[in-house]
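Report on one structure; see the data block that follows.
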């Protein structure tokens with residue numbers, strides 16, 4: 021009698037696998053993105069500075085008034101002119117050679133940091149986008165950082181429960197900030 025020969029199932033020790041691209045480990049990535057991210061808020065190479073002021077006269081928990089404080093953010097005109105022209109426009113094109121400053125009083129310092137970090141190739145953590153979606157939309161809309169605005173709008177949509185009570189407020193907000201996706205979602209909800 022002949023026994024049927026069965027091929028043994030491969031054990032992990034008998035399996036040979038290869039990486040998709042064996043040369044990938046030896047070829048470095050383009051360093052430009054990492055270099056630009058590294059230039060974010062670098063005072064030594066920056067040629068412009070944003071002085072972002074916190075709200076003046078805001079009450080502390082104990083009822084005392086806080087003094088107005090400002091936070092400095094350093095940037096580079098060349099990066100701003102390509103990625104955030106509205107921020108670059110705050111500086112006089114003729115004035116070069118020394119550090120110049122611009123005052124920002126309509127954006128909270130932490131929101132401005134997210135926005136400027138995004139301009140330098142960074143990203144805003146999803147939790148922060150959820151927590152500060154409207155503030156980020158407002159700042160990104162004001163300074164024409166469209167991709168960040170769209171990202172914050174999408175997160176706002178996914179984290180908001182639309183009701184009859186808040187639909188009109190969201191519709192007015194969407195219209196004021198030119199948030200097409202939010203406007204369409206609210207109109208669909210109302211229909």
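In the working numbering, the protein residues as written are 21 to 211. The beta carbon of each residue, even a glycine, is placed where N, CA and C say it ideally should be. These numbers were taken from a predicted model, which means no experiment stands behind them.
Limits of the alpha helix (DSSP H) - the one that residue i falls within
i	result
residue 194	184 to 197
residue 204	200 to 210
residue 53	52 to 59
Nonlocal neighbours in the same chain, by C-beta distance under 8 angstroms from residue i, ignoring five residues either side
i	result
residue 209	182, 187
residue 200	194
Inter-residue Cα distance where the pair is residue i and residue j
i	j	result
residue 207	residue 197	16 angstroms
residue 176	residue 108	28 angstroms
residue 95	residue 118	13 angstroms
residue 211	residue 149	28 angstroms
residue 170	residue 65	30 angstroms
residue 59	residue 168	19 angstroms
residue 185	residue 191	11 angstroms
Nonlocal neighbours in the same chain, by C-beta distance under 7 angstroms from residue i, ignoring five residues either side
i	result
residue 131	152, 155, 156, 159
residue 91	72, 129
residue 125	73
Cβ-based neighbour list, residue i, same chain, cut-off 6 angstroms, excluding 5 preceding and 5 following
i	result
residue 101	108
residue 141	53, 56, 57
residue 205	177
residue 127	159
Beta-carbon spacing of residue i, residue j below 8 angstroms
i	j	result
residue 165	residue 104	yes
residue 70	residue 122	yes
Residue span of the beta strand (DSSP E) that contains residue i, given as start and end
i	result
residue 124	120 to 124
residue 175	Element bounds for residue 175: not the beta strand (DSSP E) but the alpha helix (DSSP H), 166 to 179.
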